[in-house]
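Peer 1:
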Amino acid sequence: MASRIKCRGWKSRLLIGATILSISLSFGPIARAQDADVVGRVNGLDITADDLSIAEQMYSQQLGQMPEDAKRSVLVDALIELKIVADAARAANVAEQDAYKRQLAFFEAQTLRSLFLEQRVAAAVTDATVRAAYDEEAAKIPPVLERRLRHILLRSESDALEVIGALKGGLTFTELAQERSADEVSKVNGGDLGFVAEGQVVPEIGAAAAQLQPGEFTQTPVASAFGFHVVLLEEARNRPAPAFDAIAPQIRQALEASEERRIISELRGVAKVEKLVPDVTPPEAEDGHEH
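Here the sequence shown stands for residues -33 to -1, 1 to 258, where the numbers follow mature numbering (1 follows the signal peptide of the UniProt record, and there is no 0).
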């Protein structure tokens, strides 16, 4: 019983906006679809995989992370119910009512707007466009020097001098860090601090590292509030730009939004528009933060 109630709830939510869907779907073209493409029938008319695809696009937010087989079942149930009720509405001459015609005109305009903008934006924002925008922005990033450092933290200066002597004697920095460092976080990685820029590391370590060449370590202990450090500079570089693949979706989204605004602005510029109500700026949406 609970599962039937749950399913009925899904169908109720999916039928919100069903008028749009009934405009878009033919539910059984004159040329009968291949059986493999048919997902249901109502009074002998086919509901096809294409119909199902449109419904899935429209209801994707309501469906959330539902498993694919459950999603397919729920959508087919919703389409069947939509077809049954739509047929009953036609039989009752609802299609001749002014209310239907007004909603039909609105949803037709809404669908035309959506498809028009989608097609124009897709033509303007290509993979090459996204790559060019990335390259342009990456070129503007000012160089930031980063150093990859390792350190060994000792409790006393004499311990630090002992470690420096061991390094001069041929022991590896990684091994000594793992054995001797008091920094419990970095010692497991051989004292590795990763790439750090100015101001991202203890000032005394940063100042000491600035005097080193890659592969060199400090010849005297570096004192700080934490103890005594032995510091190794592994590599120096200018910070690379974020990887293209990591930020391409955000770049594409921004370009698409900008192009959509440009298209709408251009169309408004040549249209004769009369807004017969006052312009009122809506209140800002509440984001949960105090400003």
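In this text, a Cβ means the ideal position worked out from N, Cα and C, and glycines have one as well.
If you measure between the beta carbons of residue 201 and residue 117, is that distance less than 9 Å?
Peer 2: Mapped onto the sequence shown, residue 201 falls at position 234. Mapped onto the sequence shown, residue 117 falls at position 150. Yes, Cβ-Cβ distance for residue 201 and residue 117 is below 9 Å.
Peer 1: Pick helix, strand or coil for residue 183, following the three-state DSSP scheme.
Peer 2: For the purposes of this step, residue 183 is taken as the residue at position 216 of the sequence shown. In the structure shown, the three-state DSSP call for residue 183 is coil.
Peer 1: Mapping the DSSP letters down to three states, classify residue 108 as helix, strand or coil.
Peer 2: Taking the first residue of the sequence shown as position 1, residue 108 is located at position 141. Here residue 108 sits in coil by DSSP.
Peer 1: How far does the alpha helix (DSSP H) with residue 65 in it reach, from first residue to last?
Peer 2: For the purposes of this step, residue 65 is taken as residue 98 along the sequence shown, with counting starting at 1. Note, residue 65: alpha helix (DSSP H), 65 to 91.
Peer 1: Could you spell out where the alpha helix (DSSP H) holding residue 57 opens and where it closes?
Peer 2: Here residue 57 refers to the residue found at position 90 of the sequence shown. First-last of the alpha helix (DSSP H) with residue 57: 35 to 58.
Peer 1: Quick check: the Cα distance between residue 196 and residue 157, rounded to an integer number of angstroms?
Peer 2: Here residue 196 corresponds to residue number 229 of the sequence shown, with the count starting at 1. Here residue 157 corresponds to residue number 190 of the sequence shown, with the count starting at 1. Between residue 196 and residue 157, the C-alpha separation is close to 14 Å.
Peer 1: Closest Cβ-Cβ distance between residue 243 and chain D: below 9 Å?
Peer 2: The question asks about chain D, but that chain is absent: this structure has only one protein chain.
Peer 1: Mind checking who residue 236 pairs with in its DSSP beta bridge?
Peer 2: By 1-based counting over the sequence shown, the position of residue 236 is 269. None; residue 236 has no bridge partner.
Peer 1: Three-state secondary structure (DSSP) at residue 244?
Peer 2: Taking the sequence shown and counting its residues from 1, the one referred to as residue 244 is at position 277. Residue state, collapsed to three classes: coil.
Peer 1: Quick one: measure Cβ to Cβ for residue 108 and residue 147, integer angstroms, because I've assumed they're closer than 8 Å.
Peer 2: Numbered from 1 along the sequence shown, position 141 holds the residue referred to as residue 108. Numbered from 1 along the sequence shown, position 180 holds the residue referred to as residue 147. Contact annotation, residue 108 with residue 147: C-beta distance approximately 39 Å; criterion of less than 8 Å not satisfied.
Peer 1: Out of 185, 168 and 177, state which residue places its alpha-carbon closest to the alpha-carbon of residue 193.
Peer 2: Along the sequence shown, one-based indexing puts residue 193 at 226. Closest option to residue 193, Cα to Cα, is 168.
Peer 1: Is the segment 75 to 93 touching the segment 38 to 49 in the sense that three or more CB pairs, one from each, lie closer than 8 Å?
Peer 2: no
Peer 1: Alpha carbon to alpha carbon, what distance is there between residue 23 and residue 45?
Peer 2: What you label residue 45 is simply residue 78 of the sequence shown in a count that begins at 1. What you label residue 23 is simply residue 56 of the sequence shown in a count that begins at 1. Cα to Cα, residue 45 sits roughly 11 Å from residue 23.
Peer 1: Alpha carbon to alpha carbon, how far is residue 133 from residue 122?
Peer 2: Translated into positions along the sequence shown, residue 133 becomes position 166. Translated into positions along the sequence shown, residue 122 becomes position 155. Residue 133 and residue 122 have their alpha carbons spaced roughly 17 Å apart.
Peer 1: Who does residue 214 pair with in a DSSP beta bridge?
Peer 2: For the purposes of this step, residue 214 is taken as the residue at position 247 of the sequence shown. BP columns for residue 214 are empty, so no partner.
Peer 1: State the Cα-Cα distance for the pair residue 249 and residue 227, rounded to the nearest angstrom.
Peer 2: As a working mapping, residue 249 is identified with position 282 in the sequence shown. As a working mapping, residue 227 is identified with position 260 in the sequence shown. Approximately 21 Å between the Cα atoms of the pair.
Peer 1: When burial is assigned at 16 or more other CB atoms within 10 Å of the CB, is residue -28 buried or exposed?
Peer 2: The residue given as residue -28 occupies position 6 in the sequence shown. For residue -28, the predicted structure reports a pLDDT of 42, less than 50, and the residue's modelled location is therefore unreliable. A value from the coordinates is still provided. Exposed, by the Cβ-count rule.
Peer 1: By how many angstroms is the C-alpha of residue 246 removed from the C-alpha of residue 30?
Peer 2: Translated into positions along the sequence shown, residue 30 becomes position 63. Translated into positions along the sequence shown, residue 246 becomes position 279. Looking at the two C-alpha atoms, the distance is approximately 37 Å.
Peer 1: Using the three-state DSSP reduction, which class does residue 202 fall into: helix, strand or coil?
Peer 2: Along the sequence shown, one-based indexing puts residue 202 at 235. In the structure shown, residue 202 sits in a strand (DSSP, three-state: E or B).
Peer 1: Exposed or buried, which one is residue 92 when buried takes at least 16 other CB atoms within 10 Å?
Peer 2: For the purposes of this step, residue 92 is identified with residue 125 of the sequence shown, where counting begins at 1. So residue 92 ends up on the buried side.
Peer 1: Please report the residue range of the beta strand (DSSP E) in which residue 162 lies.
Peer 2: As a working note, residue 162 is residue 195 in the sequence shown. Here the beta strand (DSSP E) through residue 162 covers 159 to 164.
Peer 1: Can you tell me which of the three DSSP states residue 252 falls into?
Peer 2: For the purposes of this step, residue 252 is taken as residue 285 along the sequence shown, with counting starting at 1. Reduced to three states, the DSSP call for residue 252 is coil.
Peer 1: With residue 164 and residue 206 assumed to form a contact (beta carbons below 8 Å), what rounded beta-carbon distance in angstroms separates them?
Peer 2: Taking the first residue of the sequence shown as position 1, residue 164 is located at position 197. Taking the first residue of the sequence shown as position 1, residue 206 is located at position 239. At roughly 7 Å, the Cβ-Cβ gap stays under 8 Å, so residue 164 and residue 206 are in contact.
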